[in-house]
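**Q** My questions will all concern the structure given below.
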Amino acid sequence: MSLARQRWIPLLWLLAALASGWIVWTTPVVADLTLFAPRADPVAELLLDQLRSGPTTRLVLLGVDGGSEADRAAVSRRLAERLRPDGAFARVVNGAETLPEADLQALFARRYLLSPAVAPERFTAEGLRAGLQQRLAELQSPLGVFQKRWLAEDPTGELLGLLRLLQGGLREPAKRLGVWFSPDGARALLLVETRASGYDLKAQRAVVTTIRRAFADAAAGTEARLSLSGPGVLATLSEDRVRAQAEWLSGLSLAAVVLLLLLVYGSARALWLGALPMLSALLAGAAAVGLLFGQLYLITLAFSVTLLGETLDYPTYLFSHRRAGESVDDTLRQLWPTLRLCAATTALGCLAMLDSGFPGLSQLGVFTVAGVTAAAATTRWLLPVLVPPQWRPPRPTAVGDWADALLRPRPRLALAFGGCGLLVIFGLLLKAPPLWENDLAALSPVPRELLQTDQALRTALGAPEVGHLIAITAPDAETALQASEIVGAYLDRQQRAGALAGYDGAMRYLPSGETQRRRQAALPDAESLAANLDAALEGLSFKPGLFAPFLTAAAAARAAPPLRVEEVGDSLLGVRVRSLLTAGARGWTALLPLSGVRDAQALAAGLPQPNHARAYYLDLRAETNRLVAEFREAALPRLAWGGVLIAAVVGWGLRAWRPVVAALTPVLLALAFTVAALLALGERLSLFHLVSLLLVLGIGVDYGLFFSRPGADADLRRRALHALMVCCASALIVFAMLSTSALPALRAIGLTVSLGAAASFVAALIVARPLLNRMD
Amino acid sequence: MKRWPLVLLLCWPLSGLAQDGFDQVMRLLAAVPAVEGEFREEKQLAVLQQPLVASGRLYYRAPDFLRKQTLSPQPEDYEADGDWLTVETPAAGRRQFDLNGYPQLRPLVEAIRATQAGDRNTLERYYRVEFEGAPEAWSLRLTPLAAEAARYVTAIVLRGRGARIASVETLEAGGDRSVMTLTPR
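For the protein sequence lines, the chains are H and Z, in the order given. For the first sequence, the numbering used here assigns the number 2 to the initial residue and increments by one for each residue that follows. For the second sequence, the numbering used here assigns the number 10 to the initial residue and increments by one for each residue that follows.
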């Protein structure tokens with residue numbers, strides 16, 4: 002090997018690593034669900050928008066437990082006071098807030114445009130008289146004390162109707178000592194809406210810190226404890242949990258693998274050399290995705306790291322095959338055809354995913370292809386220049402006779418094993434379709450007790466579930482509001498028929514300009530109104546001239562410009578409207594959350610389609626499940642195509658069909674056994690299992706290739722066995738530890754890969770050689 | 010200046026006497042298990058030329074049930090039971106409120122309910138209480154402590170004889186006033 006080569010290869014690698022590192026550093030990692038969304042599907046886009054930034058994702062639910070009831074109430078008040086001035090929160094409510102006087106006045110000023118009760122018959126002599134009699138009854142009642150102040154300006158009682166409308170959005174929890182409490186009184190409740198999206202993990206993390214700090218201040222000197230939940234909080238808390246568990250488990254398994262490698266090879270150099278291909282794979286994969294997509298999905302990253310576990314095996318093959326009397330480069334040159342095939346099969350297996358309609362699948366494909374290529378190249382060209390040509394690990398000097406005993410072909414055992422495998426495959430085919438888990442909640446890494454807290458807080462607060470809603474898209478706000486009113490009228494009819502319990506929508510609080518103008522037209526001109534009022538007052542004991550302010554207000558309302566969405570401001574009305582009516586890149590979206598839906602299909606089927614707008618019925622849970630299922634259905638045939646490509650490349654590499662059969666039969670059997678074992682353990686297969694099976698496919702093919710290496714002498718076979726035992730043992734260590742995790746995702750990956758690695762090893766050991774021998 | 014301590018000293022037995030009277034009346038009221046009576050209420054409001062007159066029945070059951078059932082001029086029913094207030098009107102139907110959620114409402118209920126229950130602690134939580142007279146003929150002047158309540162109500166004056174409340178006068182912030190007179194059945 003030339004000196005020049007000694008120098009420029011590490012230099013090249015370092016430059017590539019630095020460049021990749023730079024790209025990875027500057028690529029944003031996003032933690033959302035768009036990777037499941039096929040491109041150009043409007044329903045999916047709306048849905049994901051909702052999941053990403055809809056009003057329900059921005060809620061944080063808080064509970065205060067412990068201490069006395071008075072303590073909990075006081076802590077709730079102090080906490081709300083501390084949080085309200087913070088700009089991160091759109092609203093903080095705990096039941097103690099009263100509508101600010103300014104909001105009340107603003108509503109009052111606009112009452113004739115905003116109140117749904119405004120209609121011509123309300124302002125005739127008879128209509129006004131009915132209103133005045135109603136007001137007299139109110140004055141009579143004990144509550145009249147509080148309503149008197151509005152009387153002179155609002156004889157028809159529009160303000161009361163408006164306030165009732167604003168309160169109607171949420172079912173309020175019970176109150177004790179003036180603040181919200183759970184029904185049993187054990188927990189004071191608060192509801193916070195953040196300005197940041199629930200999936201902006203950085204912002205949500207800051208929110209959690211702010212809330213915890215404010216709580217520590219507010220609860221100082223009491224026994225009160227805080228529990229908090231909500232989509233954003235769950236995401237950050239579960240990220241923390243996953244990270245902590247993954248770090249702990251991977252730290253532990255790293256230590257175990259280091260110990261294993263030290264024991265096996267007796268060399269520290271083997272350790273850091275062994276880490277280089279995996280490191281290169283991660284850098285190259287992430288950089289390739291960053292370059293091609295501009296962003297990296299968190300889940301892709303997690304899946305890809307799992308998939309690249311195979312690259313840890315490449316240096317192991319080298320170490321176990323080092324023999325005295327040949328240089329590192331020689332060993333690699335001998336190994337290269339097989340190693341090259343190992344990498345090529347994995348890369349090709351993922352190639353079919355590149356052009357899928359799902360960005361998540363494409364990213365996974367790019368990551369794996371780039372990563373595996375980089376790892377193989379690093380093993381082949383970087384490792385030999387980093388060590389002296391004659392370097393080899395102190396062990397193994399020779400692999401002993403025990404290996405021959407293990408390696409002796411046992412055709413009968415192989416036949417029995419293969420027969421069993423065939424039966425399992427038939428069984429699986431007959432049992433089809435297998436149990437697939439499409440529920441994202443089951444895929445979610447959120448620990449169970451956090452979900453229970455969430456459910457408890459949600460039930461107590463009556464916060465809207467992320468459930469059924471109607472989304473209306475329109476080019477402008479006015480069209481969106483008009484369309485909402487049409488859909489609202491439809492929903493009113495359905496509600497009377499019992500098809501749903503209720504609904505909300507921006508048009509309840511801010512009617513369209515058209516409707517506001519219609520209400521203006523319902524107000525009589527000043528002269529007729531004065532005459533009607535005089536007639537209505539006949540015989541009632543109101544003081545003369547008392548209602549002059551009403552006549553002035555009605556005249557002003559007739560001339561006022563309609564209230565527009567740009568003018569609603571930060572009042573209670575404004576917050577409510579803006580959470581339900583938003584401007585996006587492609588126009589405006591109005592949301593009508595539904596509650597208590599009986600028959601979603603019938604409701605969706607009858608949905609009117611207003612002019613110039615589109616109305617979509619979204620069942621968030623069903624839609625996300627549909628997306629996950631479609632994602633998987635798109636992935637499966639691509640995996641099958643990947644399998645065909647793998648067979649083709651192995652055939653091309655080995656140039657004979659027999660070794661191909663010998664190399665590929667074991668992995669087929671291993672996959673069947675793994676799936677059968679998973680089903681027998683009662684697992685419902687999710688995306689995590691599927692991706693783990695991809696890794697099993699990758700390492701299973703490698704095992705088959707090495708056990709059936711053509712032209713291998715007895716010593717090479719022993720060394721291959723040694724290498725594969727080390728690979729399999731380290732895979733088992735790492736993934737068996739993951740499978741002990743309580744988190745569904747980690748458990749799924751750990752269980753699948755450890756089962757698969759063991760099955761691949763056993764299958765390759767038993768089946769590969771007899772197949773090859775029989776055909777020799 | 011020098012005379013002040015002397016005046017205070019002279020007043021001491023008097024104030025003690027008033028306190029004794031208050032406690033005595035509270036004890037008398039607390040001993041009553043249930044009350045059923047009729048009421049007549051007259052409201053004088055600035056916005057009206059004539060007073061509003063209403064009548065109906067009042068029920069009380071120790072310790073915290075109070076029902077005001079208006080029969081004329083139109084039926085209305087207010088029922089305070091523990092922390093809950095149930096309102097029934099022909100126009101709006103039946104509605105329930107948690108009294109804890111309405112800091113301006115609770116004192117109005119407690120003015121009558123806690124007085125009839127002889128519950129001095131509850132009264133003093135919401136009002137500054139001034140007692141005058143003797144158990145045979147007494148009056149209680151309640152001035153709201155909380156700003157939310159004081160915004161609407163200046164004072165409530167209850168007059169009674171022994172264990173019986175005879176009238177409740179409410180003085181509102183804007184000068185309006187109402188008097189409710191009670192007669193046992």
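For every residue, glycine included, the Cβ atom is placed at its ideal position computed from N, Cα and C.
#1: Between which two residues does the beta strand (DSSP E) carrying residue 471(H) extend?
#2: Check whether the Cβ atoms of residue 190(H) and residue 64(H) sit closer than 7 angstroms, and answer yes or no.
#3: Residue 57(Z) CB to nearest chain H CB: under 7 angstroms?
#4: Ignoring anything shorter than 3 residues or poking outside the segment 162-243 of chain H, list the beta strand (DSSP E) runs there in chain order.
#5: I want to see whether chain Z comes within less than 7 angstroms of residue 134(H), judged by CB atoms only; does it?
#6: Can you check which of these residues, 437(H), 217(H), 82(H) and 669(H), is closest to residue 641(H) by C-alpha distance?
#7: If you drop the 5 nearest sequence neighbours on each side, which residues of the same chain put their C-beta closer than 7 angstroms to that of residue 187(H)?
#8: Check each candidate in 436(H), 470(H), 440(H) and 490(H) and name the one with the smallest Cα separation from residue 682(H).
#9: Can you name the residues of chain H whose CB is closer than 8 angstroms to the CB of residue 78(Z)?
#10: CA-CA distance, residue 532(H) and residue 126(H)?
#11: In the DSSP assignment, what residue or residues form a beta bridge with residue 302(H)?
#12: Rounded to whole angstroms, what is the Cα-Cα separation between residue 120(H) and residue 582(H)?
#13: Scan the segment 176-201 of chain H for residues whose Cβ lies nearer than 9 angstroms to a Cβ of chain Z and list them as they occur along the chain.
#14: Can you give me the start and stop residues for the beta strand (DSSP E) that residue 382(H) sits inside?
#15: In three-state DSSP terms, what is residue 548(H)?
#16: Three-state secondary structure (DSSP) at residue 456(H)?
#17: Per DSSP, residue 105(Z) is paired with what?
#18: Just reading off the beta strand (DSSP E) that residue 100(H) is part of, what are its end residues?
#19: From residue 171(H) to residue 96(H), what distance separates their C-alpha atoms?
#20: Can you list the residues of chain H that residue 47(Z) reaches, using a CB-CB cut of under 8 angstroms?
#21: Measure from the C-beta of residue 158(Z) to each C-beta in chain H and report whether the shortest distance is under 7 angstroms.
#22: For residue 246(H) versus residue 687(H), is the C-beta distance shorter than 7 angstroms?
#23: Could you tell me which chain H residues have their CB closer than 8 angstroms to the CB of residue 161(Z), listed as they occur along the chain?
#24: Nearest to residue 164(H) by alpha carbon, out of 129(H), 130(H) and 117(H)?
#25: With burial defined as no fewer than 16 other Cβ atoms inside 10 Å of the residue's Cβ, what is the status of residue 177(Z): buried or exposed?
#26: To be precise: take each residue of the segment 113-142 of chain H, compare its Cβ to all Cβ atoms of chain Z, and keep it if any distance is under 7 angstroms. Which residues remain?
#27: Please name the residue in 322(H), 341(H) and 384(H) whose C-alpha comes closest to that of residue 277(H).
#28: Quick check on residue 72(H): does DSSP put it in helix, strand or coil?
#29: Please tell me whether residue 566(H) and residue 484(H) are closer than 7 angstroms, where the distance is taken between their beta carbons.
#30: Compile a chain-ordered list of the residues in the segment 149-165 of chain H whose CB is closer than 9 angstroms to at least one CB of chain Z.
#31: Any idea which residues DSSP pairs residue 149(H) with across the strands?
#32: With 7 angstroms as the threshold, decide whether the Cβ of residue 573(H) is near any Cβ in chain Z.
#33: Residues in the same chain with beta-carbon distance under 7 angstroms from residue 647(H), minus the five sequence neighbours each way, listed in chain order, please.
#34: Along the chain, where does the alpha helix (DSSP H) that runs through residue 418(H) open and close?
#35: To which residues does DSSP link residue 81(Z) through a beta bridge?
**A** On the basis of the data shown:
#1: 469-475 is the extent of the beta strand (DSSP E) around residue 471(H).
#2: Going by C-beta atoms, residue 190(H) is nearer than 7 angstroms to residue 64(H).
#3: Chain H places a beta carbon closer than 7 angstroms to that of residue 57(Z), counting this residue as a contact.
#4: Runs of the beta strand (DSSP E) inside the segment 162-243 of chain H: 175-177, 180-182, 189-195 and 226-230.
#5: Residue contact check for residue 134(H) against chain Z: no CB pair falls below 7 angstroms.
#6: When only C-alpha atoms are compared, the closest one is 669(H).
#7: Excluding positions up to five away in sequence, the list reads 66.
#8: Measuring from the Cα of residue 682(H), the nearest candidate turns out to be 436(H).
#9: Within chain H, no residue has its CB atom less than 8 angstroms from the CB of residue 78(Z), the nearest being about 12 angstroms off.
#10: When rounded, the distance between both Cα atoms is 8 angstroms.
#11: Partner residues in a beta bridge of residue 302(H), as assigned by DSSP, do not exist.
#12: Counting only the Cα atoms, residue 582(H) lies some 26 angstroms from residue 120(H).
#13: Result list: 176, 177, 178, 179, 180, 181 and 182.
#14: Here residue 382(H) belongs to no beta strand (DSSP E), and DSSP marks it neither H nor E.
#15: Of the three classes helix, strand and coil, the one that applies to residue 548(H) here is coil, per DSSP.
#16: Correct three-state label for residue 456(H): helix.
#17: Under DSSP, residue 105(Z) forms a beta bridge with 95(Z).
#18: Note, residue 100(H): premise wrong, no beta strand (DSSP E); not H, not E.
#19: Residue placement at residue 171(H) cannot be trusted, given a pLDDT of 47 that sits under 50; the coordinates are not used to answer.
#20: Here the premise fails: no neighbours, minimum Cβ distance about 17 angstroms.
#21: It does not; no Cβ of chain H falls within 7 angstroms.
#22: Taking 7 angstroms as the Cβ cut-off, residue 246(H) and residue 687(H) do not qualify as a contacting pair.
#23: One finds 146 and 147 in chain H with Cβ atoms closer than 8 angstroms to the Cβ of residue 161(Z), taken in chain order.
#24: In terms of Cα proximity to residue 164(H), the closest of 129(H), 130(H) and 117(H) is 117(H).
#25: Taking all protein chains shown into account, residue 177(Z) has 16 or more neighbouring C-beta atoms within 10 Å of its C-beta and is therefore buried.
#26: Result list: 135, 138, 140, 141 and 142.
#27: Nearest of 322(H), 341(H) and 384(H) to residue 277(H), Cα basis: 384(H).
#28: The three-state reading of DSSP puts residue 72(H) in helix, counting H, G and I together.
#29: With contacts defined as CB atoms closer than 7 angstroms, residue 566(H) and residue 484(H) fail to qualify as a contacting pair.
#30: Listed in sequence order: 149, 150, 152 and 153.
#31: Paired residue(s): none; residue 149(H) is not in a bridge.
#32: So no, residue 573(H) is outside the interface.
#33: Counting only Cβ-Cβ distances below 7 angstroms, and skipping sequence neighbours, we find 346, 349, 350 and 702.
#34: Counting along the chain, residue 418(H) sits inside the alpha helix (DSSP H) bounded by residues 412-432.
#35: In the DSSP assignment, residue 81(Z) forms a beta bridge with 64(Z).
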